[in-house]
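Engineer: For reference, the structure I am asking about is given below.
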Amino acid sequence: MTEQKIEELEPVTPFMMRRPETLPSFDGVIPLQSSSEPARYRVVSCLSRTFNAEQVHELVMHVCRVTCVAVEILRRRQPSRILAKFAEPECIERLEYMRSLLSDYMEELAVLHKRHIYPPVEFVWLNGVLTSECKLDISLGMRVGAQTHVGGLVFERKRGRWVCMMVDIG
């Protein structure tokens with residue numbers, strides 16, 4: 076009876092014996108911060124070896140630039156069309172809608188402070204996952220003045236460039 080049970084078992088394949096592969100991760104620092112503490116980033120790739128450290132660093136800097144522009148759009152300091160090359164139209168429409176929802180709040184703040192102060196965006200941390208050769212999911216923390224915000228962005232590579240598909244800053 077024991078022999079019969081052993082025969083019923085499926086053989087172990089080489090795939091099943093293979094050790095789990097460690098996914099490549101890229102760590103670095105976001106330069107040119109006005110803060111005394113450097114912001115660190117970590118991007119993990121679900122792919123074995125498609126990207127190198129230099130490419131990931133350039134991609135992180137692109138994410139930071141798009142995030143800063145998105146914040147400036149929400150503050151009404153830049154027109155939303157400035158993101159046309161770097162974001163999908165639906166993403167820009169949602170950003171404009173968010174700006175319209177925040178406009179009453181921003182006007183109240185301006186009345187309270189009686190002046191417009193626009194502190195710079197300071198990144199605290201940034202984590203990303205390259206889920207494919209053409210998709211990057213980002214979560215980040217940033218300070219804008221005394222307020223700390225958390226954000227999420229999704230980028231896809233389309234027509235040879237990384238395009239923002241979604242921005243969520245809260």
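This note's numbering numbers the first residue of the sequence shown as 76 and each following residue consecutively.
In this text, a Cβ means the ideal position worked out from N, Cα and C, and glycines have one as well.
Have a look at the DSSP bridge pairing and note the partners of Lys210.
Structural biologist: Ser207, Glu231
Engineer: Taking 8 angstroms as the cut-off, does the segment 215 to 231 touch the segment 141 to 157 (at least 3 CB pairs, one atom from each stretch)?
Structural biologist: The segment 141 to 157, when compared against the segment 215 to 231, does touch it at the 8 angstroms Cβ threshold.
Engineer: Terminal residues of the continuous alpha helix (DSSP H) containing Arg140?
Structural biologist: 128 to 149
Engineer: Please classify Glu163: does DSSP put it in a helix, a strand, or coil?
Structural biologist: DSSP places Glu163 in the coil class of the three-state scheme, outside both helix and strand.
Engineer: Per DSSP, what kind of secondary structure is Glu197 in: helix, strand or coil?
Structural biologist: Note: Glu197 maps to strand in three-state DSSP.
Engineer: Taking the alpha carbon of Leu158 as the point to measure from, which residue in Arg150, Arg140, Leu122, Tyr193 has its own alpha carbon closest?
Structural biologist: Arg140
Engineer: Quick check on the burial criterion: 16 or more other C-beta atoms within 10 angstroms. Buried or exposed for Ser277?
Structural biologist: There is simply no residue 277 to check, as the chain begins at 76 and stops at 245 in what is shown.
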